[in-house]
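Numbering (the numbering used here), first residue to last: 501 to 879.
Shown next, in the form of structure tokens:
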């Protein structure tokens, strides 16, 4: 696999030397010492990732990134800002101009390599998913081309009621938003599991994931530049291209987006509840099967013992009836022996009555479990 092409841009030669020392053996690396030089080099070199210093004279990193993203020939290049500061405001400013990631100076070798590894995976995923996403997007556009905005929303609500999988629900929301010409990133959060991320292009960039994490508990709506982030309990949605040129449409779309996230969250909760009940039903079925198996195994064993005891008592009675008259015993002695045997048999019969009680108890347990399972299935 070819080495990832990286352009490092910094006005400090010492910083470029550090980056060169860290990366030259593992990446195809080129250097630029200013914003204008970066813009002149980038089209011929065609880097896949640009490490862009924020604070530079003449043209700072934000200005350089803005020009890169405005140019159709360079808009696809992944930009990672390199800065000595990393506040939420600065990260949001970086993302507002189109950056995909952010690293704060001073950084360690492993931190930089890990971020570049993640960005490289994004490049691979984008290439692999591009054709599939374009086909899916085209299908979504054609299906909703003739619908009004409210018609699209109603159609979406009707469709998601039939969805039983989390990832399909997320893709349905992405497709619905794309029918409004909106590019979106989504985070689904779960109580006992890691969040999942979805996007129109298949993957969310690291800086988007960081924004989700930083802002998920900071209020319902965040608007910056031509983007809007909507937070609900289990879902966060980031729209990348709100229609700022039309304020009426902007307000209408914002209301639509909030409503869509709200109904999607209700369906997400329903899916998670359904899956929880399915897991409970499976476990209950396992318990019913286990009790049934143990019960019938015990009954088989007890029946074997009962039949064996009956056979032993029968042989004992037959032998006594044959031998006692030949033993020369007094009548009192014979009566004593017969009574002793009778008491032993009666005690055994009493124990068999206890076995019947055990059997009845197990049958009652089986019936209760079957009733509980039936009630679960009905709900």
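By construction, the Cβ of each residue, glycine as well, lies at the ideal position given by its N, Cα and C atoms. What you are looking at is a predicted structure, and each value in this text was computed from that prediction instead of being measured.
- Under the DSSP assignment, residue 511 falls outside any alpha helix (DSSP H); it carries neither an H nor an E label.
- The criterion of a C-beta distance shorter than 9 angstroms is satisfied by residue 511 and residue 556.
- Separation of residue 518 and residue 609 (C-alpha to C-alpha, rounded to the nearest whole angstrom) is 10 angstroms.
- Selection 743, 759 and 747 evaluated against residue 735 yields 759 as nearest (Cα-Cα).
- Going by DSSP, residue 717 is part of no beta strand (DSSP E) at all; its letter is neither H nor E.
- For residue 727, the three-state secondary structure derived from DSSP is strand.
- Where residue 650 is concerned, the enclosing alpha helix (DSSP H) starts and stops at 649-660.
- For residue 687, the enclosing beta strand (DSSP E) covers residues 684-688.
- Looking only at 663, 679, 624 and 634, the smallest Cα-Cα distance to residue 650 is reached by 679.
- Cβ-Cβ separation between residue 603 and residue 548: approximately 17 angstroms, too far for a contact (criterion under 8 angstroms).
- Looking at 767, 683, 563 and 709, the one whose alpha-carbon comes closest to that of residue 741 is 683.
- DSSP lists 685 as the bridge partner or partners of residue 699.
- The beta carbons of residue 701 and residue 629 sit closer together than 9 angstroms.
- The bridge partners DSSP lists for residue 533 come to none.
- Sixteen is the threshold: since fewer than 16 other Cβ atoms of the shown chains lie within 10 Å of the Cβ of residue 751, the residue is exposed.
- The region 653-665 and the region 762-780 touch, with no fewer than 3 CB-CB distances between them shorter than 8 angstroms.
- Distance check between residue 596 and each of 722, 663 and 504 places 722 closest, using alpha-carbon atoms only.
- When Cβ pairs closer than 8 angstroms are counted between the two stretches, the region 670-679 is seen to touch the region 689-706, the count reaching three or more.
- The residues 686, 688, 696 and 698, in chain order, have a CB closer than 8 angstroms to that of residue 670 in the same chain once the five nearest residues on each side in sequence are set aside.
- Under the DSSP assignment, residue 551 falls in the beta strand (DSSP E) whose first and last residues are 549-553.
- Each residue's CA atom was taken as its position, placing residue 755 and residue 516 some 47 angstroms apart.
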